[in-house]
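Chemist: Residue numbers for the sequence shown follow the numbering used here, so the first one is 1 and each next one is one higher.
Idealized CB from N, CA, C, for every residue including glycine.
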Amino acid sequence: MATVGLYQIQLALVDESQKLISGTGAGLGTDGIYTVDHEDLGTKTANITNLAGTIAKTYGNNAVQDVMVGTSEPTVALDINNLNYQVKQQIKGFVSDSKGGWTDENVKAHVALLITTQTIDRLHFVYYGFGDGIMTETAANIQTDAQAEQRVDDALTYTALSTIAFNNQPYKIYSDLDPKFDKANMYKEVFGGYVLPASSTGSGTTTTPAK
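1) What residues in its chain sit with their C-beta under 6 Å from that of Thr58, if we drop five residues either side in the sequence?
2) What are the partner residues of Ala46, as DSSP defines its beta bridges?
3) Just confirm the distance between the C-beta atoms of Leu114 and Gln10, as a whole number of angstroms; I'd bet it's less than 8 Å.
4) Among residues of its own chain, excluding the 5 on either side of Ala155, which ones have a beta-carbon nearer than 6 Å to its beta-carbon?
5) To the nearest angstrom, how far is it from the Cα of Ile173 to the Cα of Thr163?
6) Counting Cβ pairs closer than 8 Å, one from the region 96–104 and one from the region 142–150, do we hit at least three?
7) Go through the region 67–141 residue by residue and report every complete run of the alpha helix (DSSP H) that reaches 4 residues or more, in order.
8) Okay, do the region 14–29 and the region 121–130 touch, 3+ Cβ pairs below 8 Å being the bar?
9) Helix, strand or coil for Tyr59 per DSSP?
10) Pull the bridge partners of Ile9 from the DSSP assignment, please.
11) How is Tyr187 classed by DSSP in three states: helix, strand or coil?
12) Put Ala52 into one of helix, strand or coil per three-state DSSP.
13) Taking the beta strand (DSSP E) that Leu258 belongs to, which residues open and close that run?
14) Counting C-beta neighbours from all protein chains within 10 Å, is the total for Thr30 16 or more, i.e. buried, or is it exposed?
15) Out of curiosity, what's the CA-to-CA distance linking Thr35 and Leu6?
16) Given a cut-off of 8 Å on the beta-carbon distance, is the pair Pro74 and Tyr171 in contact?
17) Start and end of the beta strand (DSSP E) containing Tyr34?
18) Tell me whether the beta-carbon of Thr159 lies closer than 8 Å to the beta-carbon of Met1.
19) For Asp121, collect the residues of the same chain with a Cβ closer than 6 Å to its Cβ; drop the 5 residues on either side in sequence, then sort them by chain order.
20) Going by C-alpha to C-alpha distance, which of Glu189, Ala26, Lys183, Val69 sits closest to Ile91?
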């Protein structure tokens, strides 16, 4: 099955028990989920790597007899055009001084991430869910404007952790191609108990929660 495009990504903060953090001043918006949308100029790429673990071959009688597959350790390289400033600091775990300044005090924020793409006929959706992970920003390549404007996108790296709701696996794939697809259950698992509004439980496009 091929996929096409990057439909959207959604983010949420979760606590040490992988439960959704919500509420103004605590989570990412009132209901806890932040959709990277038009206000952020959208997301360019969400490059997922290490979905499978390292393979170690077992040799015997001068031939490969078996393989051992290590635990998958996914990472996601995100390129967002213009991510909301405060949301960006929150998902990195930076601490506000309540005066406009944010510092890295080695407090790791735990972030849930849902990446949505589509089938090539654009009639169905495929979702990559990560129930817990750490978001980091390792560099900021700031350049002078010359004949053209030199923009610096928000380049972030997401490192997935084991998720209790996924039987302690680091990620889970969903799609409305599966006749048993339960969108409400997907949101509940990925976003630590989130209750999807009844009007949004269809298998179509994902909702855009209030920011």
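Modeler: Here's the rundown:
1) Along the sequence shown, one-based indexing puts residue 58 at 58. Closer than 6 Å at the Cβ level, and outside the excluded window around Thr58, lie Gln65, Asp66.
2) The residue given as residue 46 occupies position 46 in the sequence shown. For Ala46, which the question treats as bridged, DSSP gives the partners Leu78.
3) Here the question's residue 114 lines up with position 114 in the sequence shown. Here the question's residue 10 lines up with position 10 in the sequence shown. That belief holds up - the Cβ atoms of Leu114 and Gln10 are roughly 5 Å apart, short of 8 Å.
4) What you label residue 155 is simply residue 155 of the sequence shown in a count that begins at 1. Once the five neighbours on either side are set aside, the close Cβ partners of Ala155 are Asp79.
5) As a working mapping, residue 173 is identified with position 173 in the sequence shown. As a working mapping, residue 163 is identified with position 163 in the sequence shown. For Ile173 and Thr163, the distance between alpha carbons rounds to 13 Å.
6) no
7) 85–92
8) no
9) As a working note, residue 59 is residue 59 in the sequence shown. Correct three-state label for Tyr59: strand.
10) Mapped onto the sequence shown, residue 9 falls at position 9. DSSP output for Ile9 lists Ile115 as bridge partner(s).
11) The residue you call residue 187 lines up with position 187 of the sequence shown. Note: Tyr187 maps to helix in three-state DSSP.
12) Residue 52 sits at position 52 when you count from the first residue of the sequence shown. In this structure, Ala52 counts as coil in the three-state DSSP scheme.
13) Nothing can be reported for residue 258: it is not among the residues displayed for the chain, which extend from 1 to 211.
14) Within the sequence shown, the letter at position 30 stands for residue 30. Result: exposed.
15) Your numbering for residue 35 matches position 35 in the sequence shown. Your numbering for residue 6 matches position 6 in the sequence shown. Using only the alpha carbons, I get a separation of about 13 Å.
16) Counting from one through the sequence shown, the residue named residue 74 turns up at place 74. Counting from one through the sequence shown, the residue named residue 171 turns up at place 171. Yes, the Cβ-Cβ distance between Pro74 and Tyr171 is below 8 Å.
17) For the purposes of this step, residue 34 is identified with residue 34 of the sequence shown, where counting begins at 1. Its beta strand (DSSP E) spans residues 33–35.
18) The count along the sequence shown starts at 1 and reaches residue 159 at position 159. The count along the sequence shown starts at 1 and reaches residue 1 at position 1. Against a cut-off of 8 Å, the Cβ pair of Met1 and Thr159 comes out as no contact.
19) Here residue 121 corresponds to residue number 121 of the sequence shown, with the count starting at 1. The answer is none, since no qualifying residue turns up.
20) Indexing the sequence shown from 1 puts residue 91 at position 91. Ile91 has its Cα closest to that of Ala26, out of Glu189, Ala26, Lys183, Val69.
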